[in-house]
Amino acid sequence: MKRSQEIFMAICTGLIVANIYYSQPLIPLIAKEFGIAEAQAGQITFLNQLGYALGILFFVPVGDLIERRKLIMAVTLICVGSLAATTFANQFWLLGIASVFVGVTSVVPQMIIPMAAALASPEERGKVIGNVMSGLLIGILLSRTLSGVVGAHFGWRGMYGLATIITLVQLPLMYFFLPQSQPAFKGTYGKLMKSLFEMFKFHELREATILSGSAFACFGMFWTGMVLWLSSPAFGLNSDTIGLFGLAGALGALFAPLAGRSADKRHPRKAVGLGVIVLALSFVIFYIFRYSIIGICFGIITLDFAMQAIHVSNQTRVYAILPEARNRLNTIYMTGAFIGTASGSALALIVWKHGSWPGICLTGVVVMALAMGLFVATRKRYVKAAMAE
């Protein structure tokens with residue numbers, strides 16, 4: 028892999044995945060325009076992430092069937108149309124439908140990451156995945172900062188208009204920077220999708236998917252709940268100020284390359300276990316320092332550090348299972364991860380009604396405690412399965 032390709036892949040994944048996170052700081056603005064409660068407007072975040080999970084399930088596997096660069100460019104073009112439809116939606120239900128399509132077509136990063144893993148040498152695969160993932164994760168986190176600032180000055184429609192332009196500009200660059208790749212799977216789309224079920228025989232894939240799904244559930248729950256907490260009377264912050272908290276998360280995302288290098292040197296499962304513990308600790312920090320801006324920022328850095336340890340390490344594990352089926356393996360893994368994110372966002376809205384911010388903090392600790400229970404309980408089975416495979 029050329030260094031320029033690696034850098035472009037990192038930038039591209041960050042800019043495209045940002046499309047499904049722009050909505051979070053814009054929830055108060057969307058609620059005000061359509062005259063609805065903020066909790067109802069928060070459904071847009073859930074629909075973005077649900078669409079993303081559907082796109083991973085039905086689009087990403089095709090990367091094992093047809094040439095990846097053509098697929099990536101076709102999906103990106105549809106994404107441009109979906110963002111434009113979001114910009115001009117004049118009814119909330121139309122905005123909801125457009126948001127699903129934005130999510131479905133923003134799965135391009137999940138096609139690029141397996142491409143990067145295939146191009147990288149085995150001894151550097153973790154590092155390359157970490158570098159590309161750092162771009163994706165910084166995009167996720169800084170999207171909130173950009174969205175908050177643009178939304179405050181140009182409205183939520185201005186943000187989606189800008190996103191349309193950003194995504195459109197990437198199309199010609201993809202043609203020049205992304206390499207062509209020949210698919211390994213021979214057969215029909217139906218057979219390709221059917222083969223997904225065969226992947227469940229790998230214990231390591233099942234364990235990685237469940238653990239990452241739990242972590243992403245906490246991730247989605249935090250960022251959805253945080254907007255409601257910071258815009259509540261406890262703080263009374265506006266969208267552009269709330270968006271600045273993404274800068275704290277970006278610091279945590281810088282640990283992704285370190286997690287990748289660690290996975291290259293030692294077995295990545297150890298880093299996953301550490302990440303689960305630290306992620307639970309971050310919600311304790313959010314509760315103790317719930318009225319402190321500095322404390323919340325420290326908690327965000329801790330949370331995102333934990334996410335890198337879990338996610339990058341798990342992806343390194345998954346991609347090593349069956350190299351010729353990386354897109355399909357990634358489909359199963361990332362579908363679980365973003366179903367977790369969507370579920371966490373939906374859960375945050377429910378918990379907020381009954382327990383406000385303390386309830387969200389407690390729920391985060393409980394979810395990660397259950398994940399750690401699974402991690403410990405499956406250790407012996409994992410060792411036996413790994414030896415058999």
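Adding 27 to a residue's 1-based position in the sequence shown gives its number in this note's numbering.
Using N, Cα and C, we set each Cβ at its ideal position, and we do this for glycine too.
| Query | Result |
| --- | --- |
| Top-ranked residue by Cα proximity to residue 42, from 89, 139 and 58 | 139 |
| Integer-rounded CB distance, given that residue 375 should sit under 8 Å from residue 252 | 4 Å |
| Sequence-distant residues of the same chain with beta carbon closer than 7 Å to residue 264, five excluded per side | 257 and 258 |
| As assigned by DSSP and simplified to three states, the class of residue 137 | helix |
| Cβ pair residue 110, residue 187 closer than 9 Å | yes |
| Contact between the region 220–228 and the region 328–338 (3+ Cβ pairs under 8 Å) | no |
| Cα-Cα separation, residue 135 to residue 362 | 14 Å |
| Residues of its chain near residue 33, where Cβ-Cβ distance is below 8 Å and the 5 sequence neighbours each way are ignored | 143, 155, 158 and 159 |
| Buried versus exposed call for residue 48 [16 or more other C-beta atoms within 10 Å across all chains shown] | buried |
| Sub-9 Å separation of residue 443 and residue 92 beta-carbons | Not covered by the structure: residue 443. The range shown for the chain is 28 to 416. |
| Close-in-space but distant-in-sequence residues of the same chain around residue 166 (CB under 7 Å, 5 per side omitted) | 40, 41, 42, 44 and 45 |
| Rounded distance between the beta-carbons of residue 133 and residue 106, thought under 8 Å | 6 Å |
| Ranges of the beta strand (DSSP E) found wholly within the region 59–113, counting only runs of at least 3 | none |
| Cβ-Cβ separation, residue 129 to residue 113 (assumed contact under 8 Å), whole Å | 6 Å |
| Closest by C-alpha distance to residue 67, when choosing among 78, 77, 55 and 76 | 55 |
| From 368, 394 and 403, residue whose alpha carbon lies closest to that of residue 76 | 368 |
| Inter-stretch contact (C-beta, 8 Å, three-pair minimum) for the region 376–391 and the region 292–312 | yes |
| Cβ contact (3+ pairs, closer than 8 Å) linking the region 339–347 and the region 198–215 | no |
| For residue 260, three-class secondary structure by DSSP | coil |
| Three-way DSSP call (helix, strand, coil) for residue 224 in this model | helix |
| Test item: CB-CB of residue 255 and residue 65 under 9 Å | yes |
| Where residue 104 falls, given that 16 or more other Cβ within 10 Å makes a residue buried | exposed |
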